[in-house]
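In full-length UniProt numbering, the protein residues as written are 1 to 308.
This is the structure we're talking about:
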């Protein structure tokens with residue numbers, strides 16, 4: 001019997017997610033591909049691992065038994081990878097990182113270019129996910145590391161199985177139609193009467209801004225729900241409303257017709273890199289963290305809040 005690590009990961013994900021559809025989504029495969037690979041795993045081991053209950057798939061006792069061993073096997077693979085990296089005289093590793101738009105465009109180009117120059121054996125691949133989904137993908141083993149965010153008004157719940165390294169602290173700024181505000185700074189509640197362009201409350205960003213507005217005594221009148229800061233800024237430039245945008249978001253292509261105004265009481269968000277505690281000693285991962293911190297510092301973003 002020969003066990004495929006690829007199929008064992010799918011089996012582990014099925015147990016964690018409960019359905020093939022959810023497992024496929026988390027692994028970024030089609031449902032059909034995951035079903036076929038799991039069926040092949042059953043043939044490989046020669047025993048029944050699943051049974052169908054309506055539209056759901058339930059693991060059999062032997063399925064649960066194999067999944068328990070899959071956790072150990074995949075954990076051993078991680079530890080073996082770490083041991084090999086530590087033993088090599090030259091640094092070599094392949095890492096997959098979870099990113100979102102402003103990080104991918106604002107931090108990664110400088111960080112990965114510098115990393116490739118100093119450590120050409122370290123290959124970093126990226127996968128764009130919603131910020132809310134990246135930490136879970138690290139915990140599940142889909143990613144080696146991911147960028148995560150914390151807002152001063154809405155700190156995220158943290159998984160004790162993950163470590164995080166702060167790489168940047170950003171401020172949020174008001175983005176308003178050109179000429180809409182006369183001053184260089186504005187209290188957040190001065191934006192209460194404007195129409196807003198904001199991400200949905202399901203997103204960490206959208207939820208954090210709503211909480212901040214509520215703390216300042218108002219509910220934003222949201223005329224347009226869009227998830228990307230770049231899209232929101234285009235709509236601001238067209239005079240459709242106001243929004244908040246981060247330091248990294250401002251590095252995206254900024255359309256004409258926008259004034260960026262500082263908030264009188266700063267709203268901060270912390271950008272960190274999350275990784276499994278079992279990989280804390282992994283040299284390649286720590287070099288990636290250091291490269292991103294350097295890239296952030298070159299953009300004027302430190303790792304500590306700088307309040308006026």
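The beta carbon of each residue, even a glycine, is placed where N, CA and C say it ideally should be.
Note that the coordinates shown come from a computational prediction; the quantities given were computed from them, not determined experimentally.
- Query: Under the rule that 16 or more other beta-carbon atoms within 10 Å means buried, what is residue 307, buried or exposed?
  - Reply: Indexing the chain shown from 1 puts residue 307 at position 307. Because the pLDDT at residue 307 is just 42, under 50, the model does not fix this residue reliably, and the value given afterwards should be weighed accordingly. Looking at its Cβ environment, which holds fewer than 16 other Cβ atoms inside 10 Å, residue 307 is exposed.
- Item | Cα-Cα separation between residue 69 and residue 235, rounded to whole angstroms | By 1-based counting over the chain shown, the position of residue 69 is 69. By 1-based counting over the chain shown, the position of residue 235 is 235. Whole-angstrom Cα-Cα distance: 52 Å.
- Message: Quick check for students: name the residue ranges of the alpha helix (DSSP H) that lie wholly in the UniProt domain "HTH lysR-type" (3–60), counting only runs of 4 or more.
- Response: 5–17, 20–27 and 31–45
- Item | Assigned exposure category for residue 182 - 16 Cβ within 10 Å defines buried | The residue labelled residue 182 in the question sits at position 182 within the chain shown. Exposed: under 16 other Cβ atoms inside 10 Å.
- Task: Out of 279, 124, 121 and 171, point me to the one whose CA is closest to residue 161's CA.
- Result: Within the chain shown, numbered from 1, the residue matching residue 161 stands at position 161. Of the listed residues, the one whose Cα sits closest to residue 161 is 279.
- Item | Three-way DSSP call (helix, strand, coil) for residue 312 in this model | This structure does not reach residue 312, given that the chain is present from 1 up to 308, and the question cannot be answered.
- Message: For residue 245 and residue 175, what's the separation of their Cα atoms in angstroms?
- Response: Translated into positions along the chain shown, residue 245 becomes position 245. Translated into positions along the chain shown, residue 175 becomes position 175. Approximately 7 Å between the Cα atoms of the pair.
- Query: Taking just the CA atoms, how far does residue 67 sit from residue 15?
  - Reply: Indexing the chain shown from 1 puts residue 15 at position 15. Indexing the chain shown from 1 puts residue 67 at position 67. C-alpha separation (whole angstroms): 8 Å.
- Span of the alpha helix (DSSP H), counted from its first residue to its last, around residue 102: The count along the chain shown starts at 1 and reaches residue 102 at position 102. Per DSSP, residue 102 belongs to the alpha helix (DSSP H) from 101–106.
- Go through the stretch 170–237 residue by residue and report every complete run of the alpha helix (DSSP H) that reaches 4 residues or more, in order. 204–215 and 229–237
- By the 10 Å Cβ neighbour count, where 16 or more other Cβ atoms means buried, how is residue 267 classified, buried or exposed? Within the chain shown, numbered from 1, the residue matching residue 267 stands at position 267. Looking at its Cβ environment, which holds 16 or more other Cβ atoms inside 10 Å, residue 267 is buried.
- Message: Just list the residues that DSSP pairs residue 98 with in beta bridges.
- Response: One-based indexing of the chain shown puts residue 98 at position 98. Answer is 127 and 146, bridged to residue 98.
- When burial is assigned at 16 or more other CB atoms within 10 Å of the CB, is residue 98 buried or exposed? Residue numbering aside, residue 98 sits at position 98 when the chain shown is read from its first letter. With 16 or more Cβ atoms within 10 Å of its Cβ, residue 98 is classed as buried.
- Counterpart residues of residue 259 in DSSP-defined beta bridges: Here residue 259 corresponds to residue number 259 of the chain shown, with the count starting at 1. Residue 259 pairs with 176.
- Task: Can you grab the Cα-Cα spacing for the pair residue 255 / residue 237, in whole Å?
- Result: Along the chain shown, one-based indexing puts residue 255 at 255. Along the chain shown, one-based indexing puts residue 237 at 237. Approximately 6 Å, taken between the alpha carbons.
- Name, in chain order, the residues that DSSP records as bridge partners for residue 136. Position 136 of the chain shown, counted from the start, is the residue given in the question as residue 136. The partner list for residue 136 (beta bridge, DSSP) is empty, contrary to what the question assumes.
- Looking only at C-alpha atoms, which of 252, 149, 6 and 211 sits nearest to residue 77? The residue given as residue 77 occupies position 77 in the chain shown. The shortest Cα separation from residue 77 among 252, 149, 6 and 211 belongs to 6.
- Message: Assuming residue 296 is part of the alpha helix (DSSP H), what are its boundary residues?
- Response: Indexing the chain shown from 1 puts residue 296 at position 296. It spans 283–298 - the alpha helix (DSSP H) in which residue 296 sits, taken as one unbroken run.
- For residue 167, I'd like the list of residues in its chain whose CB is within less than 7 Å of its CB, leaving aside the five on either flank, ordered along the chain. If you number the chain shown from 1, residue 167 lands on position 167. Counting only Cβ-Cβ distances below 7 Å, and skipping sequence neighbours, we find 271, 272, 273, 289, 292, 293, 296 and 303.
- Task: Take residue 71 and list the residues in its own chain whose beta-carbon comes closer than 8 Å to its own, dropping the five residues that flank it on each side.
- Result: What you label residue 71 is simply residue 71 of the chain shown in a count that begins at 1. Closer than 8 Å at Cβ, skipping near neighbours: 12.
- Query: Exposed or buried, residue 269, counting other C-beta atoms within 10 Å across all chains shown (16 or more means buried)?
  - Reply: In the chain shown, residue 269 corresponds to position 269, counting from 1. It is buried - the Cβ of residue 269 has at least 16 other Cβ atoms within 10 Å.
- Query: Can you list, in chain order, the residues of its chain whose CB lies under 7 Å from that of residue 178, leaving out five sequence neighbours each side?
  - Reply: Here residue 178 is taken as the residue at index 178 of the chain shown, counted from 1. Here the set comprises 257, 258 and 259.
- Item | Run of the beta strand (DSSP E) containing residue 275, from where it starts to where it stops | As a working note, residue 275 is residue 275 in the chain shown. First-last of the beta strand (DSSP E) with residue 275: 268–276.
- Query: Do the CB positions of residue 241 and residue 194 come within less than 8 Å of each other?
  - Reply: Counted from its first residue, the chain shown places residue 241 at position 241. Counted from its first residue, the chain shown places residue 194 at position 194. Yes, the pair counts as a contact, with Cβ atoms nearer than the cut-off.
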